[in-house]
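Peer 1: Heads up: the sequence shown begins at 46 in the numbering used here, then just goes up one per residue.
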Amino acid sequence: MAVNTRVPLIAGNWKMNLDHLQAIATVQKLAWTLKDANHDFGIGGSEVAVFPPFTDLRSVQTLVSADKLEVVYGAQDLSEHDSGAFTGEISGAFLSALECRYVLIGHSERRTLHGETDEQLARKVAAALRHGLVPVLFVGETAEDLENHGPSAVPVAQLTAALEGLTGTPEIVVAYEPVWAIGSGQAATPEQAEEVAAKLRETLASVLGSDVAQATRILYGGSVKSGNIAALMREPNIDGALVGGASLDVAEFASIARFQKHVGT
Ligand code: PEP
């Protein structure tokens, strides 16, 4: 059996919460909390990433770089274009200049509230990679999809579409978020999440080959809390969590990041 060398990733999506001053205080507190707990940011623990609003990124960069913090960060979206007349859009080049490591692409709120299509998301994935950013691609079924097509058909189709045109060995992260679980307090069971994550890894293998599939981290998102993370992380194809609401509470988010310490949960 292949040895799993994927470093778990715990990612906090702040959405439209916390301005740049609040972001500084939150990242500082998070870094101190993890330092006090001797958090291992490698394979024995977890990489910890936050996704603040665009206007916070420069402040977060300054803090992380000045204090040499191990917390990493990324943006919540990017433009498919590199430059030009696109009022309100943000180029991947700008995110890269702010030393973002990651960028979220295709959160269900972007798909439904902003009408982002699979084709557009494939172009955003390509744009992220062009600028040295790791795309965190969201896929997930609605309650209606679940009823009509089962759990994995829609996420697999969304992933296949977003990988269109990719070649080589790109570093990407896939965030599986059942839409019905987001903000509902009702997470998928570890077994449900694992079933879809395994199908997503098979899809990665068939499109990009087994080495990329083995190296790619697949996160689960949807009502993750400190009380359910350890059980989810015991599943072989779940390599981390995408956390919304609970990422705004530093103590709770740090506890999620330290899931390996939750004995008996
Ligand atoms: C999300 O918004 O992507 C999310 C997973 O939120 P929550 O953790 O609050 O369900």
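We put the beta carbon where it would ideally sit given N, CA and C, even for glycine.
How would you write the range of the beta strand (DSSP E) that PRO98 sits in, first residue to last?
Peer 2: It is not in any beta strand (DSSP E) - PRO98 carries neither H nor E in the DSSP assignment.
Peer 1: For the candidate residues LYS80, ILE217, VAL179, GLU209, whose alpha-carbon lies nearest to that of TYR118?
Peer 2: When only C-alpha atoms are compared, the closest one is VAL179.
Peer 1: Going by beta carbon distance, what residues of the same chain come within less than 7 angstroms of GLN203, once the five residues before and after it are set aside?
Peer 2: Once the five neighbours on either side are set aside, the close Cβ partners of GLN203 are ASP163, VAL184.
Peer 1: For ARG103, which residues from the same chain have a beta carbon less than 8 angstroms from its beta carbon, with the 5 sequence-adjacent residues on both sides left out?
Peer 2: For ARG103, where only same-chain residues beyond five positions count, the Cβ hits under 8 angstroms are HIS65, LEU143.
Peer 1: Check whether the Cβ of ILE227 sits closer than 8 angstroms to any heavy atom of the ligand PEP, and report yes or no.
Peer 2: ILE227 Cβ: within cutoff of the ligand PEP.
Peer 1: In the DSSP assignment, the beta strand (DSSP E) including ILE150 goes from what residue to what residue?
Peer 2: Its beta strand (DSSP E) spans residues 147-150.
Peer 1: Measure the C-alpha to C-alpha separation of ALA302 and GLY266 and round it to an integer number of angstroms.
Peer 2: Roughly 14 angstroms separates the two Cα atoms.
Peer 1: Decide if the region 264-283 is in contact with the region 220-228; the criterion is three or more beta carbon pairs, one per stretch, under 8 angstroms apart.
Peer 2: Judged by Cβ distances under 8 angstroms, the region 264-283 makes contact with the region 220-228, as three or more pairs qualify.
Peer 1: Comparing C-alpha positions only, which one of ALA68, PRO196, ASN49 sits nearest to ASP294?
Peer 2: It is ALA68 whose Cα lies nearest to the Cα of ASP294.
Peer 1: Just list the residues that DSSP pairs PRO180 with in beta bridges.
Peer 2: Bridge partners of PRO180: VAL148.
Peer 1: Identify whether ILE88 lies in helix, strand or coil by the three-state DSSP scheme.
Peer 2: Note: ILE88 maps to coil in three-state DSSP.
Peer 1: Would you report the Cα separation of PHE96 and ARG168, rounded to the nearest angstrom?
Peer 2: So the two alpha carbons sit approximately 21 angstroms from each other.
Peer 1: Residues in its own chain within less than 6 angstroms of HIS307 by CB, not counting five upstream and five downstream?
Peer 2: Result list for HIS307: ALA275, in chain order.
Peer 1: CA-CA distance, PHE99 and GLN121?
Peer 2: Answer to the nearest angstrom: the Cα atoms are 7 angstroms apart.
Peer 1: Just mark ARG246 as buried or exposed, buried being the case when its beta carbon has 16 or more other beta carbons within 10 Å.
Peer 2: Counting Cβ neighbours within 10 Å, ARG246 comes out buried, since at least 16 surround it.
Peer 1: From what residue to what residue does the beta strand (DSSP E) around LEU123 run?
Peer 2: Counting along the chain, LEU123 falls outside any beta strand (DSSP E), and DSSP gives it neither H nor E.
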